[in-house]
Structure formats: C-alpha cells, structure tokens
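*Asks:* Please read through the structure below; I'll follow up with questions.
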Amino acid sequence: MPESTAIHPSTYSAILRRSFRNAFPPAVRGEGVYLWDAHGKQYLDFSGSAAVNFIGHGVAEIAAAMTAQAKQLEFVHSSQFTTPVAEEYAAELLGFAGKTFEGGCVYFTCGGSESVETAIKLARQYQVEIGQTKRHQVISRGQSYHGSTLGALSVSGNKRRREIYLPMVREFAHVGFPYCYRCAFDCTDGCRNCGQEYAAELQKAIEAANGEVAAFMLEPVSGATLGAVVPPPGYLQTVAAICQRHGVLLIADEVMTGMGRTGRNFAVDHWDVAPDILVTAKGLSSGYAPLGAVMVSKRVADAIAQGSGAFLHGFTYNSHPISLAAGRAVLRFVQEQKLVRAADSEHQGSIALGLRHALESLREAKSVGDVRGIGLLWAVEFVADKDTKRPFAAQLNFAGRSALAAMKRGLLVYPMQGCVDGVEGDHLLIAPPAVITAEQIDWAVKQLRKAIEEAAL
Ligand SMILES: Cc1ncc(COP(=O)(O)O)c(C=O)c1O
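Just so you know, our numbering puts 74 at position 74 of the sequence shown, and the rest follows in order with no gaps.
Structure representation (structure tokens):
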C-alpha cells in the first residue's frame, strides 16, 4: 500500500484494524500539539491520542535519548541483567512519586494492561507471602477500565469491552462509584455525603467475600469509561481507610491520570491518599515508546524480598532499555518545562485553567449535559434532553459522530459510549498535551462547538 493511501472501510489492508467501518488516514508527522497525515492535512491533537501524549509530539530530546540508548545497548533480558538506565530511572520515578513509595520498587512493563496484570499478581503474591493464602479476589468498580488482557478485563467494569469475553474472564465483585451528574442518591451537595455511601459499598463487598479479598483497584479519577469523573471530597480517603482496616491492598490505576495529567504528579496526591501499589503508563513515555510501570510500597516489596524472594512473573520486554531511555527523557522534560504545574487547573494562569474555562463555555450548547474533569483531563457528556438528562439512543452514536465531525475540521478528540449504563450515554474525552497554548485551545473549542452542532443535525 503506498504511503499516502488512507484505509477506507472497503480497502484491503494487511493491518488487522480496530474497525472495518471507519477510515484511517495515514499519519506521517507530529510536532507540538499537531499531527499531519500523508495528504498534508493538519490535526490538533486535543485528546493526546488517548490521553497518552503529555509533552507534545516530535520532541527531539526524546528521540536523541532513545537513539543514544539503542546505540549503546538495545536489550538485555531482565532475568540476566539490570541496566544503568533501569536503576537510575526507577530511583527517579520513586522520587517523583514521593513519600508513599520511599524505599519501594518499580516494575517496568510495555504498557497499561501489562502493568495491571502485574499489579493483580503482585497483590496475590503479597497476601501469600504474609500467610493470607485465602486472599485472591480483586474488587473493582463498575464503569471502569483497567486494560484489554483477560486479567485486566476481569477487573474492568466497561460493559462493551467485556461483553463477548465474559465466559472467559474470572468474575470478582464490582462496587458502585460516585458519578455526581447522574448520582443515584439525587444529591445536591456534589456527592459529599453520598461519596461515603459509595465507599460503604466497598466495605460490604469485602465483608461478603469472607476474607478472600486481596486488593481493591480503582482509577482515582475515572478515565475513558465514565469520562473524567472526579471523586467527591472524602471518598478516596474513606476507601483507603477501609482497605487498610481489612488487610486489603489499595491499587491505584493511574495509567491515564499519572505523570502530571491531572495537575499533580499522581492523581492520588490531590487527596493525600497513599496506595500500596500504583500503576502508570500512557504519559509515562508520552507515547514515544511502549512503557508502563508498577510502583510498589516498601511494605509490599519487603514482603516478597524477605519471603519467597522471587516474583514469579515476567514479560520478555520488561525494563526495555530503549523504552526506559524514552521515559527517563520524558520525565526530565516534564520537570524542566514545569508541565505538572501547567496541567494544574487550580493554579491561576495555568493553561489547564484556561482549558477548563473554555470547555465550560460548551455547556451553552443544546446537546451538552455536563462538562467535568480536572487538570488536563476533561469530558463533555451529551444528552438528548438537558432537563431530564436523557441520553441519546446508543445507535445514534452521537459521540462518534461529533468526533468524526471534529476530525474533518482537523481536531482530534476521543469519543466514548456507555457512561450512563454501559450501553447508553455519549461523551468525548479531552486530554491535550500540556504544551498547548491559549490560542490553540480557543481554536479547538470553536471547532468542537461546531462539530457538536453538526452531529446534532
Ligand atoms: C485506567 C486505564 N488502565 C489501563 C489501561 C490499559 O492500558 P493499555 O491500553 O496501555 O494496555 C487504560 C487504557 O486506556 C486505562 O485508561
């Protein structure tokens, strides 16, 4: 296939594509917040692909760091060697994560799903090491997404992504979650009180499992499935306290929210919550190389080191030196350019605050029911009726249509369906690189408003 040919639904491609119904233009270049296809069309990447890119596209320092590593040493197997880049970068990441992971360890993978698998197995092994051999269940929340491998799917609540694989996945309990725009308690206080009701569900689920729960996993700020839902004050703290009281490890899935995306190094920092295990990916390498990381607290690491002494789990490409060189250079760039502060939507003058104000203006649009989020992670939820919050019929695919209309206008956003009940409900995820400017936001939001109007026609 020539470089300049797009894949259309009717075109044969040697790639097993994600959809045989959509067209895929051939991307050839990226710089800053922009991507270009082979036809010269420019796109503003308003969703950082899928909340991946945090530092902008085409940053030369990252490519240089990867090249230097590839020239020096491209790969060794983690059963035989460690590497200087792995040791130095792991220490830097623990430092970035702060007090919670002081004296802890990092396990490097190639992405989010591998990291979630690793975290689940680590939780089980920790419990076995400390003599809690009955504990093997991992509770998670409905309307969540933790990855596409079977273990990660078993702890995910995303109905559409699980549906056909259900007979193949191990089922553990899913608990309710605060989603203030559609709160089941009809609250009027931003879920301050009912956040506690949702936390109490976890306690009940742990008690109902008769001492078999090893861990509870959650996205501190919901990612794609629910769309940037921020937890009410007190909820995460109560959840953490419940886990601690019941000997259940708390796993924070920060694949999407980690590495500065929400305006803190990690989203849990907004609420001073200390997870036992933290999983991150996406922004970790900003997409420059496949990379994920699992951070474990000293307590968890010590239990294994002083217990059986071996973590019986691994992927060939753990700690891949070129991916680590990319991640390390990205971390340096984030710190030098003060991008976490840029992503802080509570900080006066930050670009994230500018984004928040600009997106809030979309509430005026007829089909926009809610605008929510934090930092540089936002969602726009659509409704057919603002008063009743009735969603569009799922077959209309309003999110997909508005994303397509935006793409035609040269604007990339991330459409999702199912936020209401796993099937109905449409929203767009907005997660631009932190190097976006006020003018670019202004242009993007104007295009988005027009795209939403076009989708409603
Ligand atoms: C919260 C969360 N966890 C896990 C994953 C899976 O990560 P990956 O697609 O890198 O395997 C994702 C991906 O979107 C995610 O958003």
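In this text, a Cβ means the ideal position worked out from N, Cα and C, and glycines have one as well.
Which parts of the segment 152-227 are runs of the beta strand (DSSP E), unbroken and 3 residues or longer, counting only runs that do not cross its ends?
*Replies:* Taking only runs of at least 3 residues, the beta strand (DSSP E) segments lying wholly in the segment 152-227 are 213-218.
*Asks:* Just to confirm my understanding: we take G176, look at its own chain, exclude 5 residues before and 5 after, and list those with CB closer than 6 angstroms. What are they?
*Replies:* On the sequence shown, position 176 is the one that residue 176 refers to. Y198, E201, listed in sequence order.
*Asks:* Consider the C-beta atom of S10 and the heavy atoms of ligand 1; say whether any pair is separated by less than 7 angstroms.
*Replies:* Indexing the sequence shown from 1 puts residue 10 at position 10. It does not: the Cβ of S10 is nowhere closer than 7 angstroms to a heavy atom of ligand 1.
*Asks:* Between Y145 and ligand 1, is the CB less than 7 angstroms from at least one heavy atom?
*Replies:* For the purposes of this step, residue 145 is taken as residue 145 along the sequence shown, with counting starting at 1. The answer is yes for Y145.
*Asks:* CB-CB under 8 angstroms to V76, same chain, minus the five flanking residues each way: which ones, in chain order?
*Replies:* Sequence index remark: in the sequence shown, residue 76 carries index 76 (1-based). Hits under 8 angstroms: T83, P321.
*Asks:* What is the rounded straight-line gap between the Cα of L495 and the Cα of V420?
*Replies:* Outside the displayed range of the chain (1 to 457) lies residue 495, so it cannot be described from this structure.
*Asks:* When the Cβ atoms of the segment 430-438 are set against those of the segment 398-406, are three or more pairs found closer than 8 angstroms?
*Replies:* Touching, no, given that fewer than three Cβ pairs across the two stretches are closer than 8 angstroms.
*Asks:* Quickly, what does DSSP pair W36 with across the bridge? List them, please.
*Replies:* For the purposes of this step, residue 36 is identified with residue 36 of the sequence shown, where counting begins at 1. W36 is bridged to R29, Q42.
*Asks:* On the three-state DSSP scale, how would you describe R356?
*Replies:* The residue labelled residue 356 in the question sits at position 356 within the sequence shown. In the structure shown, R356 sits in a helix (DSSP, three-state: H, G or I).
*Asks:* Mark M168 as exposed unless 16 or more other C-beta atoms lie within 10 angstroms of its C-beta, in which case mark it buried.
*Replies:* Looking up residue 168 in the sequence shown gives position 168. Per the 10 Å Cβ criterion, exposed.
*Asks:* With DSSP as the reference, label E414 as helix, strand or coil.
*Replies:* In the sequence shown, the residue the question calls residue 414 occupies position 414. A small fix is needed here, since residue 414 is Tyr in this sequence, not Glu. Three-state result, Y414: strand.
*Asks:* Below 8 angstroms on the Cβ atoms is my guess for K450 versus R409; work out the distance and round it to an integer in Å.
*Replies:* Taking the first residue of the sequence shown as 1, we reach residue 450 at position 450. Taking the first residue of the sequence shown as 1, we reach residue 409 at position 409. K450 to R409, Cβ: 7 angstroms. Contact.
*Asks:* If you compare alpha carbons, which of P9, M407, D387, R328 is closest to A23?
*Replies:* The residue you call residue 23 lines up with position 23 of the sequence shown. For A23, the nearest C-alpha among the options comes from P9.
*Asks:* Examine the Cβ distances between the segment 322-342 and the segment 60-70 and report whether three or more of them are shorter than 8 angstroms.
*Replies:* Yes, since at least three Cβ pairs between the segment 322-342 and the segment 60-70 fall closer than 8 angstroms, the two stretches touch.
*Asks:* Thinking C-alpha only, which one of I139, S156, V155 is nearest H246?
*Replies:* Here residue 246 corresponds to residue number 246 of the sequence shown, with the count starting at 1. Answer by Cα proximity: I139.
*Asks:* Thinking just about the alpha-carbon of each residue, which of V296, A394, K446 is nearest to the one in E424?
*Replies:* Locating residue 424 in the sequence shown gives position 424, where the first residue counts as 1. Checking every option, the nearest Cα to that of E424 belongs to A394.
*Asks:* Can you tell which of R18, I15, A60, A6 has its C-alpha closest to the C-alpha of K41?
*Replies:* Translated into positions along the sequence shown, residue 41 becomes position 41. Selected option, being the one with the closest Cα: A6.
*Asks:* Since I believe A214 is in contact with L249 (beta carbons under 8 angstroms), could you give me their beta-carbon distance rounded to a whole number of angstroms?
*Replies:* Locating residue 249 in the sequence shown gives position 249, counting from the first residue. Locating residue 214 in the sequence shown gives position 214, counting from the first residue. Confirmed, about 7 angstroms.
*Asks:* Just to confirm, does V255 get its C-beta within under 7 angstroms of one of the non-hydrogen atoms of ligand 1?
*Replies:* Here the question's residue 255 lines up with position 255 in the sequence shown. Indeed, a heavy atom of ligand 1 lies less than 7 angstroms from the Cβ.
*Asks:* Looking at S286 and V330, is the spacing between their C-beta atoms short of 8 angstroms?
*Replies:* Indexing the sequence shown from 1 puts residue 330 at position 330. Indexing the sequence shown from 1 puts residue 286 at position 286. Contact flag set, yes.
*Asks:* Less than 8 angstroms separating the beta-carbons of V334 and G234?
*Replies:* Within the sequence shown, residue 334 is the residue found at index 334, counting from 1. Within the sequence shown, residue 234 is the residue found at index 234, counting from 1. For V334 and G234, no; Cβs fall outside 8 angstroms.
*Asks:* Measure the CB-CB distance between V268 and A293 and report whether it falls below 8 angstroms.
*Replies:* The residue given as residue 268 occupies position 268 in the sequence shown. The residue given as residue 293 occupies position 293 in the sequence shown. Not in contact: V268 and A293 (Cβ atoms no closer than 8 angstroms).
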